[in-house]
Amino acid sequence: MAARKDHGLFGPGSVTWQVHGEHVMWVAGVRALYLQALYPRVMRGTFQNSALFDRKKAWARFLRTTDFVAMRTYGSTAQVKEAGRRVRAIHANLTGYDPDTDETFRLDEPEGLLWVHCGEIDSYVDIARRAGILGSDEEADAYVSESRRAAEVVGIKRADAPASRADLADYFAMMRPKLYLCDEARQGMLNSFNPPFPFRLAPLRLVVPSLNTLAFMALPRWARRIFGVPTLPTTELSVTLSLRAVHQATSLLPPPPLPVAVAGAA
(Lines of atoms letter the chains of each structure in order from A and count residues from 1; the text may use other names and numbers.)
(Lines give C-alpha, C1' and ligand atoms only; values in the text may rest on other atoms or scores of the structure.)
Protein backbone atom coordinates (compact mmCIF):
# COMPACT_ATOMS: atom_id res chain seq x y z
CA MET A 1 0.00 0.00 0.00
CA ALA A 2 2.91 2.35 0.68
CA ALA A 3 3.74 2.62 -3.04
CA ARG A 4 0.40 4.16 -3.91
CA LYS A 5 0.26 7.87 -4.62
CA ASP A 6 -3.43 8.24 -3.79
CA HIS A 7 -4.27 7.02 -0.29
CA GLY A 8 -7.81 8.34 -0.25
CA LEU A 9 -9.16 9.84 2.96
CA PHE A 10 -6.38 8.84 5.32
CA GLY A 11 -3.01 7.27 4.47
CA PRO A 12 -0.19 5.35 6.18
CA GLY A 13 0.57 8.17 8.61
CA SER A 14 -3.01 8.37 9.90
CA VAL A 15 -4.30 7.10 13.21
CA THR A 16 -7.17 5.50 11.28
CA TRP A 17 -4.87 3.14 9.38
CA GLN A 18 -3.15 2.26 12.66
CA VAL A 19 -6.48 1.31 14.24
CA HIS A 20 -8.24 -0.46 11.39
CA GLY A 21 -5.37 -2.82 10.63
CA GLU A 22 -5.91 -4.77 13.86
CA HIS A 23 -7.98 -7.96 14.20
CA VAL A 24 -9.41 -6.91 17.57
CA MET A 25 -11.44 -4.30 15.69
CA TRP A 26 -13.91 -7.08 14.90
CA VAL A 27 -14.93 -6.76 18.56
CA ALA A 28 -15.43 -3.04 17.97
CA GLY A 29 -17.64 -3.74 14.97
CA VAL A 30 -19.96 -5.95 17.04
CA ARG A 31 -19.97 -3.40 19.88
CA ALA A 32 -21.06 -0.77 17.35
CA LEU A 33 -24.00 -2.92 16.23
CA TYR A 34 -25.17 -3.37 19.82
CA LEU A 35 -24.86 0.33 20.56
CA GLN A 36 -26.58 1.40 17.34
CA ALA A 37 -29.48 -0.95 18.13
CA LEU A 38 -30.53 1.17 21.12
CA TYR A 39 -31.98 3.92 18.93
CA PRO A 40 -35.32 2.36 17.95
CA ARG A 41 -35.88 4.49 14.85
CA VAL A 42 -32.58 3.35 13.31
CA MET A 43 -33.07 -0.25 14.42
CA ARG A 44 -36.54 -0.42 12.91
CA GLY A 45 -35.34 1.07 9.66
CA THR A 46 -32.65 -1.60 9.54
CA PHE A 47 -35.05 -4.39 10.45
CA GLN A 48 -37.58 -3.34 7.81
CA ASN A 49 -35.04 -2.99 4.98
CA SER A 50 -31.85 -4.92 5.65
CA ALA A 51 -30.90 -8.47 4.69
CA LEU A 52 -29.11 -8.71 8.04
CA PHE A 53 -32.31 -10.20 9.47
CA ASP A 54 -32.67 -12.78 6.69
CA ARG A 55 -30.50 -15.77 7.61
CA LYS A 56 -30.09 -16.75 3.95
CA LYS A 57 -28.73 -13.32 3.05
CA ALA A 58 -27.25 -12.00 6.29
CA TRP A 59 -23.66 -13.18 5.81
CA ALA A 60 -23.37 -11.62 2.35
CA ARG A 61 -24.90 -8.41 3.70
CA PHE A 62 -22.42 -8.35 6.58
CA LEU A 63 -19.49 -8.81 4.19
CA ARG A 64 -20.72 -5.91 2.05
CA THR A 65 -20.71 -3.70 5.14
CA THR A 66 -17.18 -4.70 6.14
CA ASP A 67 -16.01 -4.19 2.55
CA PHE A 68 -17.50 -0.68 2.58
CA VAL A 69 -15.66 0.22 5.79
CA ALA A 70 -12.41 -1.14 4.36
CA MET A 71 -12.92 0.71 1.07
CA ARG A 72 -13.69 3.94 2.92
CA THR A 73 -10.55 3.49 5.01
CA TYR A 74 -8.02 2.27 2.45
CA GLY A 75 -9.47 3.02 -0.98
CA SER A 76 -8.30 5.69 -3.40
CA THR A 77 -10.16 8.98 -3.62
CA ALA A 78 -12.13 7.76 -6.64
CA GLN A 79 -12.99 4.45 -4.97
CA VAL A 80 -14.19 6.17 -1.79
CA LYS A 81 -16.32 8.62 -3.76
CA GLU A 82 -17.94 5.81 -5.73
CA ALA A 83 -18.58 3.71 -2.62
CA GLY A 84 -20.12 6.70 -0.87
CA ARG A 85 -22.29 7.51 -3.89
CA ARG A 86 -23.68 3.96 -3.94
CA VAL A 87 -24.46 3.93 -0.21
CA ARG A 88 -26.12 7.35 -0.30
CA ALA A 89 -28.22 6.30 -3.30
CA ILE A 90 -29.40 3.15 -1.51
CA HIS A 91 -30.34 5.04 1.66
CA ALA A 92 -32.13 7.77 -0.31
CA ASN A 93 -34.54 5.22 -1.78
CA LEU A 94 -35.43 3.43 1.46
CA THR A 95 -37.94 4.31 4.14
CA GLY A 96 -38.93 2.94 7.51
CA TYR A 97 -41.98 3.14 9.74
CA ASP A 98 -41.71 4.36 13.34
CA PRO A 99 -44.68 3.16 15.44
CA ASP A 100 -43.66 5.47 18.29
CA THR A 101 -44.48 8.53 16.18
CA ASP A 102 -46.68 6.92 13.48
CA GLU A 103 -44.28 8.33 10.89
CA THR A 104 -42.68 7.04 7.74
CA PHE A 105 -39.10 8.26 7.57
CA ARG A 106 -36.20 8.16 5.14
CA LEU A 107 -33.21 6.07 6.07
CA ASP A 108 -30.91 8.92 5.13
CA GLU A 109 -32.39 11.39 7.62
CA PRO A 110 -29.46 13.26 9.24
CA GLU A 111 -30.19 12.21 12.83
CA GLY A 112 -30.14 8.53 11.95
CA LEU A 113 -26.96 8.79 9.88
CA LEU A 114 -25.21 10.63 12.70
CA TRP A 115 -26.33 8.05 15.27
CA VAL A 116 -24.91 5.18 13.22
CA HIS A 117 -21.66 7.07 12.65
CA CYS A 118 -21.19 7.93 16.32
CA GLY A 119 -21.95 4.37 17.42
CA GLU A 120 -19.31 3.09 15.02
CA ILE A 121 -16.61 5.63 15.87
CA ASP A 122 -17.18 5.44 19.62
CA SER A 123 -16.78 1.67 19.42
CA TYR A 124 -13.61 1.80 17.34
CA VAL A 125 -11.91 4.39 19.51
CA ASP A 126 -12.97 2.75 22.78
CA ILE A 127 -11.72 -0.71 21.80
CA ALA A 128 -8.51 0.66 20.28
CA ARG A 129 -7.71 2.66 23.42
CA ARG A 130 -8.50 -0.15 25.84
CA ALA A 131 -6.74 -2.82 23.78
CA GLY A 132 -3.56 -0.73 23.71
CA ILE A 133 -3.55 0.09 20.00
CA LEU A 134 -3.81 3.78 20.78
CA GLY A 135 -1.27 4.71 23.41
CA SER A 136 -2.61 8.07 24.55
CA ASP A 137 -5.77 10.12 24.89
CA GLU A 138 -4.36 12.50 22.28
CA GLU A 139 -4.14 9.69 19.72
CA ALA A 140 -7.69 8.66 20.57
CA ASP A 141 -8.94 12.20 19.97
CA ALA A 142 -6.98 12.32 16.72
CA TYR A 143 -8.80 9.20 15.55
CA VAL A 144 -12.20 10.76 16.28
CA SER A 145 -11.16 13.94 14.50
CA GLU A 146 -10.05 11.99 11.41
CA SER A 147 -13.36 10.13 11.40
CA ARG A 148 -15.17 13.28 10.30
CA ARG A 149 -13.81 12.58 6.81
CA ALA A 150 -15.57 9.21 6.90
CA ALA A 151 -18.79 10.87 8.07
CA GLU A 152 -18.87 13.01 4.93
CA VAL A 153 -18.79 9.88 2.76
CA VAL A 154 -22.27 8.83 3.89
CA GLY A 155 -23.74 12.34 3.74
CA ILE A 156 -23.04 13.82 7.19
CA LYS A 157 -21.72 17.36 7.33
CA ARG A 158 -18.21 17.41 8.77
CA ALA A 159 -19.17 20.14 11.24
CA ASP A 160 -21.95 17.91 12.63
CA ALA A 161 -19.68 14.96 13.41
CA PRO A 162 -17.88 14.79 16.78
CA ALA A 163 -14.23 15.86 16.68
CA SER A 164 -13.11 14.39 20.03
CA ARG A 165 -14.10 11.83 22.62
CA ALA A 166 -15.54 14.64 24.73
CA ASP A 167 -17.77 15.57 21.78
CA LEU A 168 -18.87 11.93 21.54
CA ALA A 169 -19.72 11.86 25.24
CA ASP A 170 -21.78 15.04 24.89
CA TYR A 171 -23.58 13.59 21.88
CA PHE A 172 -24.56 10.38 23.68
CA ALA A 173 -25.70 12.34 26.74
CA MET A 174 -28.01 14.31 24.45
CA MET A 175 -29.36 11.16 22.75
CA ARG A 176 -29.94 9.00 25.82
CA PRO A 177 -33.56 10.16 26.44
CA LYS A 178 -34.44 8.77 22.98
CA LEU A 179 -32.93 5.34 23.56
CA TYR A 180 -34.59 2.13 24.69
CA LEU A 181 -34.55 -1.59 23.93
CA CYS A 182 -37.16 -2.24 21.23
CA ASP A 183 -38.24 -5.71 20.07
CA GLU A 184 -36.14 -5.44 16.91
CA ALA A 185 -33.04 -4.78 19.00
CA ARG A 186 -33.72 -7.87 21.11
CA GLN A 187 -34.05 -9.95 17.95
CA GLY A 188 -30.82 -8.53 16.57
CA MET A 189 -29.00 -9.38 19.79
CA LEU A 190 -30.23 -12.99 19.69
CA ASN A 191 -29.29 -13.35 16.01
CA SER A 192 -25.77 -12.11 16.66
CA PHE A 193 -25.00 -15.09 18.90
CA ASN A 194 -26.03 -17.56 16.18
CA PRO A 195 -24.69 -15.99 12.98
CA PRO A 196 -25.37 -17.69 9.62
CA PHE A 197 -21.76 -18.54 8.77
CA PRO A 198 -21.17 -20.42 5.51
CA PHE A 199 -20.10 -24.05 6.01
CA ARG A 200 -16.39 -23.32 5.54
CA LEU A 201 -16.48 -20.91 8.47
CA ALA A 202 -18.58 -23.07 10.78
CA PRO A 203 -15.71 -23.48 13.32
CA LEU A 204 -16.05 -19.76 14.09
CA ARG A 205 -19.27 -20.59 15.91
CA LEU A 206 -17.08 -21.81 18.76
CA VAL A 207 -15.56 -18.38 19.39
CA VAL A 208 -18.48 -16.10 18.49
CA PRO A 209 -20.25 -16.29 21.87
CA SER A 210 -17.11 -15.27 23.75
CA LEU A 211 -16.20 -12.42 21.39
CA ASN A 212 -19.78 -11.15 21.28
CA THR A 213 -19.98 -11.21 25.06
CA LEU A 214 -16.74 -9.24 25.21
CA ALA A 215 -18.14 -6.73 22.71
CA PHE A 216 -21.33 -6.38 24.71
CA MET A 217 -19.56 -5.91 28.03
CA ALA A 218 -17.36 -3.24 26.38
CA LEU A 219 -20.46 -1.07 25.89
CA PRO A 220 -20.78 2.03 28.06
CA ARG A 221 -22.27 1.28 31.47
CA TRP A 222 -25.41 3.25 30.62
CA ALA A 223 -25.93 1.18 27.45
CA ARG A 224 -25.67 -2.11 29.33
CA ARG A 225 -28.26 -0.84 31.77
CA ILE A 226 -30.69 -0.15 28.92
CA PHE A 227 -30.20 -3.77 27.85
CA GLY A 228 -31.05 -4.73 31.43
CA VAL A 229 -27.65 -6.23 32.26
CA PRO A 230 -26.26 -5.46 35.74
CA THR A 231 -22.73 -4.13 36.03
CA LEU A 232 -20.19 -5.28 38.59
CA PRO A 233 -17.47 -2.98 39.97
CA THR A 234 -14.81 -5.14 38.27
CA THR A 235 -16.45 -5.20 34.82
CA GLU A 236 -14.48 -2.37 33.21
CA LEU A 237 -11.08 -3.69 34.31
CA SER A 238 -11.93 -7.25 33.28
CA VAL A 239 -13.02 -6.11 29.82
CA THR A 240 -9.90 -3.99 29.33
CA LEU A 241 -7.60 -6.86 30.33
CA SER A 242 -9.47 -9.22 27.99
CA LEU A 243 -9.19 -6.78 25.08
CA ARG A 244 -5.46 -6.43 25.62
CA ALA A 245 -5.13 -10.21 25.70
CA VAL A 246 -7.08 -10.60 22.44
CA HIS A 247 -5.00 -7.89 20.80
CA GLN A 248 -1.75 -9.54 21.85
CA ALA A 249 -2.95 -12.99 20.78
CA THR A 250 -3.93 -11.78 17.30
CA SER A 251 -1.07 -9.35 16.68
CA LEU A 252 1.07 -12.00 14.96
CA LEU A 253 -1.66 -12.97 12.50
CA PRO A 254 -1.61 -11.63 8.91
CA PRO A 255 -3.45 -8.31 8.51
CA PRO A 256 -7.19 -8.52 7.83
CA PRO A 257 -7.90 -8.95 4.09
CA LEU A 258 -8.85 -5.91 2.03
CA PRO A 259 -11.51 -5.78 -0.70
CA VAL A 260 -10.18 -7.05 -4.02
CA ALA A 261 -10.44 -3.60 -5.61
CA VAL A 262 -8.34 -2.02 -2.87
CA ALA A 263 -5.77 -4.79 -2.73
CA GLY A 264 -5.38 -4.67 -6.49
CA ALA A 265 -4.65 -0.96 -6.40
CA ALA A 266 -1.95 -1.31 -3.75
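Reading the sequence shown from the start, the letters are residues 1 to 266 in UniProt numbering.
Ideal Cβ placement from N, Cα and C applies to all residues, glycine included.
- DSSP links Thr104 through a beta bridge to Tyr97.
- For Cys182, the secondary structure class from DSSP, reduced to helix, strand or coil, is coil.
- Between Glu109 and Gln36, the CB-CB gap reaches or exceeds 9 Å.
- Per DSSP, Thr231 lies in no alpha helix (DSSP H) and is assigned neither H nor E.
- Using a Cβ distance threshold of 9 Å, Val246 and Val27 count as a contacting pair.
- Closest by C-alpha distance to Val80, out of Ala142, Ala151 and Ser50, is Ala151.
- For Arg31 against Ile127, the beta-carbon gap comes to about 7 Å, under 8 Å, which counts as contact.
- In the three-state reduction of the DSSP assignment, Leu38 falls in the coil class.
- Distance from the CA atom of Arg148 to the CA atom of Lys157, rounded to whole angstroms, is 8 Å.
- Nearest to Lys57 by alpha-carbon distance, out of Arg106, Leu232 and Pro196, is Pro196.
- Contact between Ser164 and Asp141 holds, with the beta-carbon distance rounding to 5 Å and staying under 8 Å.
- Following the DSSP letters along the chain, one finds Lys81 inside the alpha helix (DSSP H) bounded by residues Thr77 to Ala92.
- With a cut-off of 8 Å on Cβ pairs, the stretch 201–211 is not in contact with the stretch 60–75, counting fewer than three such pairs.
- Counting C-beta pairs with one atom in each stretch, the stretch 37–44 and the stretch 173–182 have three or more that are closer than 8 Å, which means they touch.
- Residue environment for Arg130: buried (at least 16 other C-beta atoms within 10 angstroms of its C-beta).
- Ranked by Cα distance from Val229, the options Ala173, Met189, Thr240 and Phe47 are led by Met189.
- Separation of Leu134 and Ser192 (C-alpha to C-alpha, rounded to the nearest whole angstrom) is 27 Å.
- Here the C-alpha atom of Ala169 lies approximately 11 Å from the C-alpha atom of Arg176.
- The alpha carbon of Val144 has as its nearest neighbour, out of Gln18, Pro162 and Ser136, the alpha carbon of Pro162.
- Under the three-state reduction of DSSP, Ile133 is assigned to coil, being neither helix nor strand.
- Collapsing the DSSP output to three states places Gly119 in a helix.
- Here Gly188 carries a helix assignment [DSSP, helix/strand/coil].
- Under the three-state reduction of DSSP, Ala161 is assigned to coil, being neither helix nor strand.
- DSSP, read as helix, strand or coil, puts His7 in coil.
- Here Val154 really is in contact with Arg88; their C-beta atoms are around 7 Å apart, less than 8 Å.
- The beta carbon of Ala223 sits closer than 7 Å to those of Leu35 and Leu38, all from its chain and outside the five residues before and after it, given in chain order.
- Here Ser76 is buried: its Cβ has 16 or more other Cβ atoms, across all protein chains shown, within 10 Å.
- For Gly45, the CB contacts under 6 Å within the same chain, skipping 5 residues up- and downstream, are Gly96 and Leu107 in chain order.
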